[in-house]
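> Per the UniProt record's numbering, the sequence shown runs over residues 1 to 133.
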Amino acid sequence: MKKKVAFVCVHNSCRSQIAEGWAKKLGSDVLEVCSAGTENYHEVKYGAVDVMKEVGIDISEHYPKLLTDIPEEVDILITMGCNVQCPFVLCSHSEDWGLEDPSGGSIEEFRKTRDLIKTKIEELIKRVKNKEL
C-alpha cells in the first residue's frame, strides 16, 4: 500500500512543487504525492519549472494549492522550511526539511535546491521501502 505524503511550504510555488515532481517521478511505486501552501500564490515560480525541465520533469502544468486542496489526513507530512506549521493536516509522521527558498535568486540557487530535494526524496523513498515510515 502506498504512503500518502504531502509537501508543504508557504506558497506552494517552488520547493514543495519541486518535491512533488521528484516524488512522483522517483517514488510512484510507494508514494501517493501532493503538495500545498499555507498562503495563496498565483503561479509556480519559473525558476522551479525551468530547473525541473532540465532533468526531464515537467511541472509546468502544476499550480499552487492550499492545505484545503489536499487530503485532510496523510501518512507523511514534510514541511520545506520557513517554520511552516500545519496543524490542520493529520499525519502519522512529520518532519521539516528546513530548506532555503531560492525564489529571487539565481538559476544556480534553484538548481542547488532541486538537487538537495532530490537527495532528500531518495532518502524518504528508501525509508518508506525499508518500512521505517
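Beta carbons: idealized from backbone N, C-alpha and C, even for Gly.
Since the structure is predicted, the reported quantities are computational estimates derived from the model, not experimental observations.
1) Let me know the secondary structure DSSP gives residue 140 once reduced to three states.
2) Considering only the alpha carbon of each residue, which of Lys2, Phe110, Val10, Lys4 lies closest to Thr80?
3) With respect to the beta strand (DSSP E) encompassing Asp96, which residues constitute its N-terminal and C-terminal limits?
4) Kindly indicate which residue of Leu31, Trp97, Asp50 has the alpha-carbon position closest to the one of Glu61.
5) Taking a contact to mean a Cβ-Cβ separation below 8 Å, would you say Asn12 touches Tyr41 in this structure?
6) Using 8 Å as the threshold, is the region 22 to 35 in touch with the region 119 to 130, meaning 3 or more CB pairs across them?
7) Starting from Glu72, follow the alpha helix (DSSP H) in both directions and report where the run begins and ends.
8) Answer yes or no: do Ala19 and Ile117 have a C-beta to C-beta separation smaller than 8 Å?
9) For Ile78, which of helix, strand or coil comes out of DSSP?
Taking the geometry as given:
1) Summary: the structure shown does not reach residue 140, with the chain confined to residues 1 through 133, and so no result is reported for it.
2) Locating residue 80 in the sequence shown gives position 80, counting from the first residue. The question names Thr, but residue 80 is Met in the sequence shown. Of Lys2, Phe110, Val10, Lys4, the smallest CA-CA separation from Met80 is found for Val10.
3) For this step, residue 96 is matched to residue 96 along the sequence shown. Counting along the chain, the beta strand (DSSP E) containing Asp96 begins and ends at 90 to 96.
4) In the sequence shown, counting from the first residue as 1, residue 61 sits at position 61. Ranking the options by Cα distance to Glu61, first place goes to Asp50.
5) Here residue 12 corresponds to residue number 12 of the sequence shown, with the count starting at 1. Here residue 41 corresponds to residue number 41 of the sequence shown, with the count starting at 1. The answer is yes: Cβ separation under 8 Å.
6) Touching, yes, given that three or more Cβ pairs across the two stretches are closer than 8 Å.
7) In the sequence shown, the residue the question calls residue 72 occupies position 72. Element bounds for Glu72: n/a, residue is neither H nor E.
8) By one-based count along the sequence shown, residue 19 stands at place 19. By one-based count along the sequence shown, residue 117 stands at place 117. The answer is yes: Cβ separation under 8 Å.
9) By one-based count along the sequence shown, residue 78 stands at place 78. Look at Ile78 here: in three-state DSSP terms it is strand.
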